[in-house]
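First up is the structure itself, then whatever we jot down about it.
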Amino acid sequence: MPELPEVETTRRGIEPHIINQTIKNIAVRQRSLRWPIPKQLEQKARNQKIESVERRGKYLLLRLHTGTIILHLGMSGSLRICTANTPAEKHDHVDFVFGNNKILRLRDPRRFGAVLWTTKDPEKHKLLSPLGPEPLEDSFNGKYLFEHSRKRTASIKSLIMNSHIVVGVGNIYACESLYIAGINPKRKSGSLSLARCEKLVSAIKHVLAESIEQGGTTLRDFIRENGEPGYFAQKLFVYGRAGEPCSNCGKPIKQIKQQQRSTFYCARCQK
DNA sequence: AGTGCGGCCTGTCCGC
DNA sequence: TGCGGACAGGCCGCAC
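If you want my numbering, it's the 1-based position in the first sequence plus 179.
Right under this line is the structure:
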């Protein structure tokens, strides 16, 4: 479910409630997520203070003095701030209970998400170390994308969704960025000119930044830490709009499959 | 090394 | 109503 804007919206939402707060208890109701929640997590993190709430790609990092809790929301995960009065529901797998009586509660029906623990620099963790640059930072630019797309035969859509190239771009924002840049999602990565790489990078930055401003995209079940939806869905040009007229040329938006994922695009405007 | 699939899960929706 | 199948904001770990 969540792409970078949804994860960043979540990060901003939870940070003020838990920063500098001490974890009094961790209640794990379901340990079997994408990987099992490590047994030592509760003991290692208990009575530790949250020193920072950071994001790297779609991972959230809760830094403690002795280590870091790594969270990933997978396809269906969400985090909410609540209190002990709020009864845990079916898919509420983990509660982090704080000294201020607030609870950070992880819900994840499909259990593609993860809760991990590392004592190293989290950037050196095996899941984080191969990640590409943050899309909103200057190191992700047209020249970078151009150089990393040379001689590649994979479609440009799969390239920008590859977290080893750039993090945070999921299925919705890949479709939207390619539409804004006027690039056909099926185009081979290696065939893009430098100018078109620059255009695509600008589109990615624009779409992600605007979605963060709107609190992310809620299609069905994404919720913020306070239970509110995000409002970017009303600004989507192509995602989920198969058959609707292209807002530029009026031709119906096409839906195809790439890498077993739906792609939405305009065959006239995207070449 | 790069590419493309299978698989992990549950919930929802659609057609019969 | 019930049932089967397709589909859903991700991404690792394999084969080739």
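For glycine and all other residues, C-beta sits at the position ideal for the given N, C-alpha and C. From a predicted model like this one, the values you see are computed outputs, not experimental measurements.
With distance defined between alpha-carbon atoms, name the residue in A293, F411, I435 nearest to G422. Considering only alpha carbons, the answer is I435.
For A360, collect the residues of the same chain with a Cβ closer than 6 Å to its Cβ; drop the 5 residues on either side in sequence, then sort them by chain order. So the list reads K378, L379, A382, once near-sequence residues are dropped.
G296: buried (16+ other C-beta within 10 angstroms of its C-beta) or exposed? In the sequence under discussion, the amino acid at residue 296 is Trp, which differs from the Gly named in the question. Residue burial annotation: W296 is buried, with at least 16 other C-beta atoms found within 10 angstroms of its C-beta.
Do the CB positions of G278 and K330 come within less than 8 Å of each other? Remark: C-beta atoms of G278 and K330 do not approach each other more closely than 8 Å.
With a 10 Å radius around its C-beta and 16 neighbouring C-beta atoms as the bar for buried, classify K322 as buried or exposed. Per the 10 Å Cβ criterion, exposed.
Rounded to a whole number of angstroms, what is the C-alpha to C-alpha distance between D300 and L310? In this model, D300 and L310 are separated by some 14 Å (Cα to Cα).
List the DSSP bridge partners of L295. Looking at the DSSP output, L295 sits in a beta bridge with I249.
Using the Cα positions of A416 and S231, report the straight-line distance between them to the nearest angstrom. At residue 416 the sequence reads Phe, which differs from the Ala that was named. The straight-line gap from Cα to Cα measures roughly 36 Å.
Distance, I339 Cα to K384 Cα: If I take the Cα positions, the gap works out to 12 Å.
Using 8 Å as the cut-off, can you tell me whether the segment 427 to 441 makes contact with the segment 205 to 218, which would need three or more C-beta pairs spanning the two stretches below that distance? Touching, no.
Taking Cβ to Cβ, would you say L387 is nearer than 8 Å to Y444? No, they are not a contact pair.
Which residues does DSSP pair with C261 in a beta bridge? Answer is I282.
Which word fits A263, buried or exposed, when buried means at least 16 other C-beta atoms lie within 10 angstroms of its C-beta? Result: exposed.
State buried or exposed for F332, treating a residue as buried only when at least 16 other CB atoms are found within 10 Å of its CB. Here residue 332 turns out to be Thr, not Phe, going by the sequence shown. With fewer than 16 other CB atoms across the displayed protein chains lying within 10 angstroms of its CB, T332 is exposed.
Give me the Cα-Cα distance between Q200 and K228, rounded to the nearest whole angstrom. Taking the CA atoms as reference points, Q200 sits about 5 Å from K228.
What residues in its chain sit with their C-beta under 8 Å from that of C376, if we drop five residues either side in the sequence? The residues are G321, K322, L324, F325, S328.
So, is S211 buried or exposed, given that buried needs 16 or more other C-beta atoms within 10 angstroms? S211 comes out exposed.
Could you check how far apart the C-beta atoms of I335 and L315 are, in whole angstroms? I think they sit under 8 Å. Between I335 and L315 a beta carbon distance of about 20 Å is seen, past the 8 Å cut, so the two are scored as non-contacting.
Counting only the same chain and skipping the five closest in sequence on each side, list residues whose C-beta sits under 8 Å from that of D287. Cβ contact annotation for D287 (same chain, cutoff 8 Å, sequence separation greater than five): L212, L252, G253, S255, G256, S257, H270, H272, in chain order.
Which whole runs of the beta strand (DSSP E) in the segment 379 to 418 are 3 residues long or more, in chain order? Counting only runs of at least 3 residues, the segment 379 to 418 fully encloses no beta strand (DSSP E) element at all.
What number of angstroms, rounded off, separates the C-alpha of A412 from the C-alpha of L285? Cα-Cα distance, rounded: 23 Å.
Cα-Cα separation between D400 and T247, rounded to whole angstroms: Cα to Cα, the separation comes out at about 28 Å.
Own chain residues within Cβ distance below 6 Å of A293, not counting five before or after: Shown here for A293: same chain residues with a beta carbon closer than 6 Å to its own, the five before and five after excluded, namely L212, R213, W214, H251 in chain order.
According to DSSP, simplified to helix, strand and coil, what is N199? Residue state, collapsed to three classes: coil.
Pick from G369, G349, L398, E392: whose alpha carbon is nearest that of T442? It is G349 whose Cα lies nearest to the Cα of T442.
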